[in-house]
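One structure is given below, encoded as structure tokens.
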Amino acid sequence: MSASAANSPSLVLWSAVTLVDFTTINGVLYGFSFALYCLSARSLYLQSKDPDSHPRQKIVMLIFTSLVMALGLVNLAGDTRGVQLSFVNYADRSDPHRKGLFFLLGDFANANIGLVDMILMIVLESLLMGIQAGHSSLSSPVAQLASQVWRLWIIWNMSRYSTLTVIVPGLALLAFGALQTAIIILPLQSLRSLQWLGVTSESLNVFVDIVITVLIIGRIIAVRRHNSQALVQSHSSSSSGNHYTTVIAMLVESFGLLTLWQIGEIVTIAIAAKTTNATNEILGSFLEGSEPYIRLPPDEQPFFKFTDLLNEILNRLDHFYLAIVSAEDKNPFPEALQLLQETRANAAAQASLAYRLVFTAIQFARNYLDVLGVLMDENPGRSDIFGELAYGAYYAGIVVKEYGKAEKEMAKFGQETVAAVKKIPQMLNDSQGGESKKREFLTAENTQVVSDLLRVISAYATVIRECLGYYKQMEKHLTDLKEAGGPCEISEQEAQLVLVQAKVLPQRATMLPQQMRSLRSPRLHLLQQNPENGRFCAV
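Pasting the structure below:
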């Protein structure tokens, strides 16, 4: 990632918004919620002491709200930890891709604490029945509005106007559900159209919130006034009167704050739909709408594991060779040495194959950059889009075949290596003085090396399978884009993130060819005898 891309105004603003949102804003909102929780918990506790007020229901509600607040606190702590690591602890890293917003959305999100944080957030949203889960989710926002309409019906059920009160919110709810369904299933090619549908659905959401809030509060106030004389006559009734006031305060705060938040979202998305200003894109729709159109290339680390794993395999094969030489120093046994040399030759062939795999990955990354360049064009020609996507899908298919072939060859190499490791001790045992040779060869150290070798071969095969799975997804993704004609628009911020991720592999892979070539040559000259114990070791 270049310094100019890392310091671009849009990404700097994006990072600032994320930093403030995950810490200050969320902390303040949780403080408001905690204050309301204290009022609600006290009220529920007092009501649970009254045998006439369904104490079990109050206890269950108290436990439920306490669980929600606990999950919210842990989730807030997880977000704060992610911000601390991304913007404070790792702020001095030289690679911009390994710090700041990129670390928060990448490494931290995939780490254990990030996954736990995400799971807790999903559980929390499920308990709250979906507080604006986003346009990609149909069930959560619709379920939230439906639950509000149901609460409105429960509160007005004893009134003769109960049916009238739910007609308008109910119709708005149906329209909201239809818009959410349209956003998901319609073949929209323009991000602007998607944003305007989002503005319309969010406007209906706000309308339902406001109508339901006003009707519920109005009903509570009317009932409280009607029973005001009776409420004053007893202490318990006075306590119930205070409870009415507490409920009204909670409704005003929660629905009011949610409504203000939704209005702010509507304004920013509407502005973003009319202009290409990066600020509005960031504030209004954080990677919203274009996620189905484009995928981030994977972390380059799986490709660079090839070098480390091949080094481990060759080191252990060299150790075997010298162990056999040590066991056969008096009675040479060329068959075992020849078998191990053949196994090592196969490993050298795997090094050549790994070089080809890395080269293929580099070529695909460069090809994908060309695809992104066309998709980012403000007025791309349909022929250009189709041509780049067609070639991208074709080349992805070639890569899938290369990695599929490598997966089969690696499995064959693993089987041959295991067979050789099992055969060598038997050869030593069958030779003259074989029992002593076998004991000398099958030391604890050599046995551990055998275990390590098999583990590394398995890890190598796993990496190839991971890369193969990724390229299969990319082949399908590019094929789908080609058939759809490609997206018309991609946000500037998302395009920059994708470009940075796609450029990393070619930039950091320049040293790999030399490393791979060095693996193919025999490295026994790097081994020397340790004079202290008479054994051979690598230096």
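So the sequence shown is residues 281 to 819, counted in my numbering.
Even glycine gets a Cβ: it sits at the ideal position worked out from N, Cα and C.
Can you tell me the Cα-Cα spacing of residue i and residue j, whole angstroms?
i: E687; j: Y671; result: 24 Å
i: H415; j: I737; result: Residue placement at H415 is poorly supported in this model, since its pLDDT is 34, which falls under 50; the coordinates are not used for a value here.
i: L365; j: T742; result: 30 Å
i: R735; j: A357; result: 37 Å
i: Q327; j: W430; result: 24 Å
i: I435; j: I447; result: 15 Å
i: E755; j: D359; result: 34 Å
i: N437; j: A502; result: 14 Å
i: A315; j: M349; result: 11 Å
i: V698; j: A739; result: 15 Å
i: E897; j: Q753; result: Absent from the model: residue 897. The displayed extent of the chain is 281 to 819, so no value can be given.
i: L444; j: G362; result: 49 Å
i: Y317; j: F344; result: 11 Å
i: S442; j: R322; result: 31 Å
i: A458; j: R440; result: 30 Å
i: P572; j: A691; result: With a pLDDT of 29 at P572, under the threshold of 50, the modelled position of that residue is not reliable, and the figure given next carries that caveat. When rounded, the distance between both Cα atoms is 35 Å.
i: I305; j: T480; result: 26 Å
i: K329; j: G749; result: 59 Å
i: G336; j: S320; result: Note that residue 336 is Arg in the sequence shown, not Gly. Their Cα atoms are separated by approximately 16 Å.
Enumerate in chain order the residues of its own chain whose CB-to-CB distance from residue i is below 7 Å, with the five nearest sequence positions on each side excluded.
i: F487; result: A452
i: L260; result: No statement about residue 260 is possible, as the shown extent of the chain runs from 281 to 819 and does not include it.
i: G694; result: I737 and A741
i: Y751; result: A676, V679, V680 and Y683
i: L432; result: T445, V446, P449, I492, L495 and I496
i: S731; result: none
i: R499; result: I435 and W436
Hey, could you find the ends of the alpha helix (DSSP H) residue i is sitting in?
i: K338; result: P335 to Q364
i: N437; result: Premise fails: N437 is in no alpha helix (DSSP H) and is neither H nor E.
i: F367; result: Neither: F367 is in no alpha helix (DSSP H) and is coded neither H nor E.
What residues in its chain sit with their C-beta under 8 Å from that of residue i, if we drop five residues either side in the sequence?
i: T303; result: D359, T360 and V363
i: I744; result: L637, Y683, A686, E687 and M690
i: Q794; result: Reliability fails at Q794, whose pLDDT of 48 lies under 50, so the model's placement of it is uncertain and the value that follows must be treated cautiously. Here the set comprises nothing.
Return the chain-ordered list of same chain residues with a C-beta closer than 6 Å to the C-beta of residue i, the five sequence neighbours on each side being excluded.
i: G236; result: For the chain, the structure presents residues 281 to 819; residue 236 sits outside this window and is missing.
Check whether the Cβ of residue i lies closer than 8 Å to any Cβ atom in chain D.
i: A699; result: Here chain D cannot be found, since the structure has a single protein chain.
Does the region 442–452 touch the region 484–499, meaning 3 or more C-beta pairs lie closer than 8 Å?
yes
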